[in-house]
Amino acid sequence: MSYKCSRCKRDVSLDGYGGVRCPYCGHRVLLKERSQDVKTVPVQ
Amino acid sequence: MDEEYDVEFIEREERSAKFLVRGVTPAFANGIRRAMIADVPTLAIDEVRFIENSSVMFDEQIALRLGLVPLSTPPNEFDEDDVVTLSLDVSGPATAYSGDIVSSDEMVQPAEENVPIIDLKDGQRLELEADAVLSTGKDHAKHQGGVSVGYRHLQRVETVGDRGEFEDVDPEIYRGVIQEGDELVDTEEFDHDLTNRYPDQEVAVEDVEHAFVFSVETDGSMSVEELFTRAVESLDARAAELEDAVSL
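Taken in order, these protein sequences are the chains called A and B.
For the first sequence, position 16 (counting from the first letter as 1) is numbered 18 according to my numbering, and the numbering increases by one without interruption.
For the second sequence, position 234 (counting from the first letter as 1) is numbered 224 according to my numbering, and the numbering increases by one without interruption.
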């Protein structure tokens, strides 16, 4: 799962040990990136 | 009913019309109204494939908005299973309008070009493909060709005497069309108030039997004439179906 740091805008990938924290700037707010897949939505 | 069937237009534009239908029963008039709302098939977006959406709105919200964009539906060109593909690709800063939708079929275009879909800021982008299908208003309101369909009785107005000199005058509001002798008058002409048209006279108002004034507005997918004709055709087809069923 890829994330983007909300402060330094760099791509971050999380492992199980570092916790939720940007390895470059230490910021704790990470934004989840949208998947590259095409999403199909029914109009109802 | 012996009276002859007759249609007379009072107002006639591409998307809206007011017309008088004589020689029909209330049940038949209501049948036509319901058929115009629910039985005439139109094209509408039914599935959206999002390639990119970095706008502030969820895919589902944008899909819902796209579904409500009216699409022109040429008569007798499409069947229930046909699919028309449309696409949209807009990058911010800009507003994505229905006019930005590109259709794979020239006959199918957004009926209105300036329906806003989403306001995109700098760096945001919306790219999608959508499938439009043919269905009826019975299935989903997005397929409703007639958006404002109603009827009223035609009303006959006759003067019955003079009003008393010191009598209080209350407004007499009637909306639609009135009949004065053989002449039809739209109530908009006198601001829907009979006391404006007959300031010093007492009037008697009564419904004209088997005469209905229809007010019809379409979403732009087809003209009023086409909507009305197709509604009557659908009633005719169902009547024939019923006749076949009971004659077995």
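In this text, a Cβ means the ideal position worked out from N, Cα and C, and glycines have one as well.
Starting from the C-beta of residue i, find all residues in its chain whose C-beta is less than 6 Å away, skip the five residues before and the five after it, and write them out in chain order.
| i | result |
| --- | --- |
| V92/B | S77 |
| S81/B | R115 |
| I107/B | R55, A86 |
| A194/B | E148, V150 |
| Y128/B | The amino acid occupying residue 128/B in the given sequence is Lys; Tyr does not appear at that position. Around K128/B: A28. |
May I have the straight-line CA-CA distance separating residue i from residue j, to the nearest angstrom?
| i | j | result |
| --- | --- | --- |
| F48/B | R36/A | 12 Å |
| E207/B | M26/B | 10 Å |
| V38/B | D72/B | 16 Å |
| M212/B | V(-3)/B | 20 Å |
| F68/B | D109/B | 33 Å |
| L225/B | F9/B | 19 Å |
| R12/A | K6/A | 6 Å |
| Q99/B | A230/B | 34 Å |
| G166/B | S205/B | 9 Å |
| P64/B | I52/B | 26 Å |
| E192/B | V11/B | 28 Å |
| T126/B | H133/B | 5 Å |
| A235/B | A227/B | 12 Å |
| T32/B | L124/B | 5 Å |
Using only CA atoms, which one of the options lies nearest to residue i?
| i | options | result |
| --- | --- | --- |
| T177/B | G171/B, I163/B, D190/B | I163/B |
| G18/A | D39/A, M3/A, K41/A, Q38/A | M3/A |
| R55/B | V74/B, Y87/B, D158/B, I0/B | Y87/B |
| K111/B | T85/B, G127/B, F202/B, E103/B | T85/B |
| V45/A | D160/B, H130/B, D79/B | H130/B |
| G13/B | A201/B, G140/B, S62/B | A201/B |
| I35/B | S62/B, E148/B, D160/B, G113/B | S62/B |
| E119/B | P16/B, G135/B, S94/B, D158/B | S94/B |
| T149/B | P83/B, G171/B, V198/B | G171/B |
| E70/B | S44/B, A122/B, S138/B, I107/B | A122/B |
| D209/B | P60/B, F40/B, S44/B, A227/B | P60/B |
| G57/B | A227/B, A101/B, F218/B, V139/B | A101/B |
| S6/B | G136/B, S45/B, L124/B, Y(-5)/B | G136/B |
| E4/B | G140/B, S44/B, E215/B, A227/B | E215/B |
| Y141/B | A19/B, R2/B, L238/B, E1/B | A19/B |
| V105/B | D90/B, E96/B, G113/B | D90/B |
| V74/B | R187/B, M97/B, N66/B | M97/B |
Near residue i, what residues of its chain come up, given a Cβ to Cβ distance below 7 Å and the 5 sequence neighbours on each side ignored?
| i | result |
| --- | --- |
| D190/B | D152, R153 |
| D79/B | E117 |
| A221/B | I22, A25, M26, D29, V30 |
In the DSSP output, what is residue i paired with across the bridge?
| i | result |
| --- | --- |
| T63/B | Paired residue(s): none; T63/B is not in a bridge. |
| L174/B | Q169/B |
| C7/A | L32/A |
| G140/B | S205/B |
| S44/B | Bridge partners of S44/B: none, in fact. |
| P44/A | E37/B |
| F9/B | F(-1)/B, F204/B |
| I108/B | A86/B |
| V193/B | T149/B |
| L78/B | L118/B |
| L124/B | L33/B |
Tell me which same chain residues have a C-beta within less than 8 Å of the C-beta of residue i, skipping the five on either side of it?
| i | result |
| --- | --- |
| R9/A | C24, C27, H29, V31 |
| D197/B | H143, L144, Q145, R146 |
| I41/B | E117, L118, E119 |
Within the 7 Å Cβ cut-off, does residue i reach chain E?
| i | result |
| --- | --- |
| E50/B | Absent from the structure: chain E. Protein chains present are A and B. |
| Residues in the stretch 27 to 42 of chain B having any Cβ partner in chain A nearer than 7 Å | I35, D36, E37, V38, R39, F40, I41
| message | Can you pull out the residues from the stretch 16 to 45 of chain A whose beta carbon lies closer than 8 Å to at least one beta carbon of chain B? | response | R36, V40, K41, T42, V43, P44, V45
| field | Interface residues of the stretch 54 to 67 of chain B facing chain A [CB-CB below 7 Å] | value | L54, L56, G57
| message | Can you pull out the residues from the stretch 98 to 118 of chain B whose beta carbon lies closer than 7 Å to at least one beta carbon of chain A? | response | none
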